[in-house]
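Remarks on the structure that follows.
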Amino acid sequence: MAQDAISPALSPLAAPRGRGGLAVFWNRFRRNRLAVAALGFLVAIHLVALTADALAPHDPAALDLLNQFADVSREHPLGTDEAGRDVLSRLIVGSRVSLAVGLLAMLVSVGVGSVIGALAGFYGRMTDGILMRMTDGMLTIPTFFLALLVLAVFGSSLTNLILVIGLTGWMVVARVVRAEVLRTLPQEFVLAARAVGASDGRLLVRHVVPQAWASVIVAATLGVAHAILVESSLSYLGLGVQPPTPTWGNMLSGAQQYVWTKPHLAVYPGLLIMLCVLGYNVVGDALRDALDPRASRASIA
Amino acid sequence: MSRYLLVRACQGAVLLLIVSAVIFLIVHSAPGGPAILNNPDVDPHTAQAIARDLGLTDPVPVQYARWLGRAIRGNLGRSYQHQIPVVQLIANRIPNTLILTGTALALGVLAAIPLGVISAVRRYSAVDYTATVGAFIGVSIPTFWLGIMFIVLFSVTLGWLPSAGMRTAGVTTGAGDLLRHLIMPAVVLSTFPLAQLMRYARSSMVEVLSQDYVRTAQAKGLSPWRVLGVHALRNALIPVVTVLGVIIPRLLSGAVITETIFAWPGLGRLAVDAAVTRDYPVIMGLTMTTAVLVIVCNLLTDVAYVSLDPRISLR
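Order-wise, the sequence lines are chains A and B.
Residue numbering for the first sequence follows our numbering, starting at 6 and increasing by one per position.
Residue numbering for the second sequence follows our numbering, starting at 7 and increasing by one per position.
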């Protein structure tokens, strides 16, 4: 492709192509040491979540009422909570729900956002007008209130939670994909595909939308951060994943009742939420810088 | 200008209509209905009678038309839980939420812009690095956890600040008491806008500082303060103002959580209670109130945008 000849820094959000492109990209990413550390942390925490059952030293739901608020010991490295449950085990198992909800909600957002953005950019005119006004509208309503309402009304199952977070977070992806589609449509290879008679659907799916992957990955990474935050906030308000399934959000909600006597219980889950969200934000930002060194602006995430 | 305002008001009205219809539909498709009908102390027969009294047995479109007819005349119905008119309930709480969100927004803007400017001017210095990492943490920290940590530190450990409410019991006046209760929730709520605005202010200032007109201003011998304050800042603020439009809805969402942690008697806590007890009239009332607040704030943002950038005019 001709794009390879141009310095990647000159082409707008150019997806570096081929192995050479990836190497250039990785070299740029690697220079951001904070981002490399964040990526390392994220890989580690996801491995923990994947192997949570094997790693957790105790059953996270096992009550031990004679052993409430136990201090740090070899048996309980982080002590126990108000019901005598092992805090470390609950943190480990809780990571699974928090991260899974974050990732799955992000997938919903990316799916919906890509379709809306692609249709708006491809068909233009009325379609574009209606879809983008809808996107603007969604951006200006307090979506958290909407999520809260829907969960209170329809009940907060895991599926509802993922759908609600996903369906209130697709707007940034839609805008990004639309912009990329508008950029790609006038290019020669699209015209060529159209000239040989590719259908609209094929044009979009095979030629136009794949061009947006770099921008979508950036938006998706920042989207996971947002989804984890929203999940934990909803769980904290009691509208997220219901006990006894431990999540970082509902652990905090439980710990708040004992904040006057056992403040340390509230520290760990919040710290983990913050580190994961921070990790995704830092990596997302570094990805954007590495893919497009010119655009180091902050995002609307 | 007046023509523009008229168009915007019409758009706002259409948006309100759509939002109200969608939320009404969502709320009224709730399986089970409002909490007052599910009270185990109320026998099914009485519950049925109450539902009929409240008009809940009618088809949803009929109920919506009735609600809309009253709402246009300023009557938002009565709260099921509180048994007082929704308008009164919301009017009682609005000032509290405005005090909280207003203070938080002011704190955020007043801290973010100088920080962003300093970061941009002293790019890659220790100050810039600290502020940038701090902003990253600020957008990543869960509001409710920060609130709990503040309570642990300032109320539990140090005992400096009250952990809940808006006034000490028995005290009804006095700005000092209110201020002591306001500090923690306002600072917690301001974290996100502060961090986000700082990032925008920094990147926007970095871009502006590399522009020719800034170099020209420096070259003709203007003092650094004049270059920064008059030539650069004004242009750097334009993108920052546009972000306010996105930040204000986030602030209202944040208020829901902040008010819950600090037991602040505002709209946010009312929203959580109303959603959980399915207090339909209150939910609808709050939806409309928030929508109006957001529409008005967006309009103000646009007007501010135009007054900063003479290249853009309102049509």
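Glycine included, C-beta positions come from ideal geometry on N, C-alpha and C.
Between the stretch 106-123 of chain B and the stretch 255-270 of chain B, do three or more beta carbon pairs fall short of 8 Å? Contact holds: three or more Cβ-Cβ distances are below 8 Å.
For chain B, check one thing: does any of its Cβ atoms lie closer than 8 Å to the Cβ of F46 (chain A)? As a position in the first sequence, residue 46 (chain A) is number 41, starting the count at 1. Not a single C-beta of chain B is nearer than 8 Å to the C-beta of F46 (chain A).
By alpha-carbon positions, which one of A:Q216, A:F34, A:L277 ends up nearest to F194 (chain A)? On the first sequence, residue 194 (chain A) is found 189 positions in, with the first residue counted as 1. Put simply, of A:Q216, A:F34, A:L277 the residue whose alpha carbon is nearest the alpha carbon of F194 (chain A) is A:Q216.
Burial state of Q261 (chain A), where buried means 16 or more other Cβ atoms lie within 10 Å: Locating residue 261 (chain A) in the first sequence gives position 256, where the first residue counts as 1. Answer is buried; the Cβ neighbour count reaches 16.
Cβ-based neighbour list, A117 (chain B), same chain, cut-off 7 Å, excluding 5 preceding and 5 following: By one-based count along the second sequence, residue 117 (chain B) stands at place 111. These residues qualify, in order along the chain: L200.
Per-residue DSSP class, three states only, for P21 (chain A): For the purposes of this step, residue 21 (chain A) is taken as residue 16 along the first sequence, with counting starting at 1. With a pLDDT of 47 at P21 (chain A), under the threshold of 50, the modelled position of that residue is not reliable, and the figure given next carries that caveat. Reduced to three states, the DSSP call for P21 (chain A) is coil.
Which residues share a DSSP beta bridge with P191 (chain A)? Here the question's residue 191 (chain A) lines up with position 186 in the first sequence. In the DSSP output, where bridge partners are listed per residue, P191 (chain A) has none listed.
Take the Cβ of T266 (chain A) as the centre, count every other Cβ of all protein chains shown within 10 Å, and call the residue buried at 16 or more, exposed below. Residue 266 (chain A) sits at position 261 when you count from the first residue of the first sequence. Here T266 (chain A) is exposed, its C-beta having fewer than 16 other C-beta atoms within 10 Å.
Contact defined as beta carbons within less than 8 Å: I believe L242 (chain A) pairs with V247 (chain B). What is the distance between those atoms, to the nearest angstrom? For the purposes of this step, residue 242 (chain A) is identified with residue 237 of the first sequence, where counting begins at 1. For the purposes of this step, residue 247 (chain B) is identified with residue 241 of the second sequence, where counting begins at 1. The pair is not a contact, with the Cβ atoms about 31 Å apart (cut-off 8 Å).
Residues near M14 (chain B) by beta carbon distance below 7 Å, same chain, minus five either side: Translated into the one-based positions of the second sequence, residue 14 (chain B) becomes position 8. The sequence shown places Arg at residue 14 (chain B), rather than the Met named in the question. Within the same chain, R14 (chain B) has close Cβ partners L305.
Here's a check: name, in chain order, each residue in its chain whose Cβ is nearer than 6 Å to the Cβ of I119 (chain B), leaving out the five neighbours to either side. Translated into positions along the second sequence, residue 119 (chain B) becomes position 113. Taking I119 (chain B) as the centre and dropping the five residues before and after it, the same chain places the C-beta of A207 closer than 6 Å to its C-beta, in chain order.
With distance defined between alpha-carbon atoms, name the residue in B:A112, B:I124, B:A41, B:M190 nearest to S85 (chain B). As a working note, residue 85 (chain B) is residue 79 in the second sequence. Just measuring C-alpha positions, the residue of B:A112, B:I124, B:A41, B:M190 sitting nearest S85 (chain B) is B:A41.
Beta-carbon gap between L113 (chain B) and A192 (chain B) smaller than 8 Å: Within the second sequence, the letter at position 107 stands for residue 113 (chain B). Within the second sequence, the letter at position 186 stands for residue 192 (chain B). Yes. Within cutoff.
Do V115 (chain A) and V177 (chain A) come within 8 Å of each other at the CB atom, strictly closer than that value? Position 172 of the first sequence, counted from the first residue, corresponds to residue 177 (chain A). Position 110 of the first sequence, counted from the first residue, corresponds to residue 115 (chain A). Against a cut-off of 8 Å, the Cβ pair of V115 (chain A) and V177 (chain A) comes out as no contact.
Candidates B:G235, B:R256, B:L195: which alpha carbon is nearest P147 (chain A)'s? As a first step, residue 147 (chain A) must be located in the first sequence, where it is residue number 142. For the residues B:G235, B:R256, B:L195, the minimum Cα distance to P147 (chain A) belongs to B:R256.
Of all Cβ atoms in chain B, is any one closer than 8 Å to the Cβ of S301 (chain A)? Within the first sequence, numbered from 1, the residue matching residue 301 (chain A) stands at position 296. Any reading at S301 (chain A) is ruled out, since the residue's pLDDT is 43, under 50, leaving its predicted position unreliable.
Please work out which residues of its chain come closer than 6 Å, Cβ to Cβ, to G291 (chain B), disregarding the five sequence neighbours upstream and downstream, and give them in chain order. Here residue 291 (chain B) corresponds to residue number 285 of the second sequence, with the count starting at 1. Here the set comprises L82, V92, I96.
How many angstroms separate the CA atom of R76 (chain B) from the CA atom of A230 (chain A)? Counting from one through the second sequence, the residue named residue 76 (chain B) turns up at place 70. Counting from one through the first sequence, the residue named residue 230 (chain A) turns up at place 225. Approximately 42 Å, taken between the alpha carbons.
Distance between E265 (chain B) and V214 (chain A) (C-alpha atoms, nearest Å): As a position in the first sequence, residue 214 (chain A) is number 209, starting the count at 1. As a position in the second sequence, residue 265 (chain B) is number 259, starting the count at 1. Approximately 42 Å between the Cα atoms of the pair.
Helix or strand or just coil, what does DSSP make of R207 (chain A)? Start at 1 with the first residue of the first sequence, and residue 207 (chain A) comes out as number 202. In this structure, R207 (chain A) counts as helix in the three-state DSSP scheme.
Alpha-carbon spacing of D290 (chain A) relative to L280 (chain A), whole angstroms: The sequence position of residue 290 (chain A) within the first sequence is 285, counting from 1. The sequence position of residue 280 (chain A) within the first sequence is 275, counting from 1. As the crow flies, the alpha-carbon of D290 (chain A) is around 15 Å from that of L280 (chain A).
Near L5 (chain B), what residues of its chain come up, given a Cβ to Cβ distance below 7 Å and the 5 sequence neighbours on each side ignored? Summary: the structure shown does not reach residue 5 (chain B), with chain B confined to residues 7 through 321, and so no result is reported for it.
According to DSSP, is P91 (chain B) part of a helix, a strand, or is it coil? As a position in the second sequence, residue 91 (chain B) is number 85, starting the count at 1. Strand.
Would you identify the three-state DSSP class for R302 (chain A), choosing helix, strand or coil? Here residue 302 (chain A) is taken as the residue at index 297 of the first sequence, counted from 1. Unreliable positioning characterises R302 (chain A) in this predicted model, as indicated by a pLDDT of 41, which lies under 50. The coordinate reading is nonetheless provided below. Residue state, collapsed to three classes: coil.
Beta carbon proximity, Q247 (chain A) to chain B, threshold 8 Å: One-based indexing of the first sequence puts residue 247 (chain A) at position 242. Closer than 8 Å to the CB of Q247 (chain A) there is not a single CB belonging to chain B.
Just to confirm the assignment, what range does the alpha helix (DSSP H) spanning L257 (chain A) have? Numbered from its first residue, the first sequence carries residue 257 (chain A) at position 252. Per DSSP, L257 (chain A) belongs to the alpha helix (DSSP H) from 253-261.
Which full runs of the alpha helix (DSSP H) of 4+ residues lie inside the stretch 33-114 of chain A, going along the chain? If we require 4 residues or more, the alpha helix (DSSP H) runs fully inside the stretch 33-114 of chain A come out as 38-55, 57-60.
Counterpart residues of R84 (chain B) in DSSP-defined beta bridges: Sequence index remark: in the second sequence, residue 84 (chain B) carries index 78 (1-based). The partner list for R84 (chain B) (beta bridge, DSSP) reads B:P91.
Compare the C-alpha of G165 (chain B) against each of B:H187, B:R275, B:G18, B:Q224 and name the closest. Position 159 of the second sequence, counted from the first residue, corresponds to residue 165 (chain B). G165 (chain B) has its Cα closest to that of B:H187, out of B:H187, B:R275, B:G18, B:Q224.
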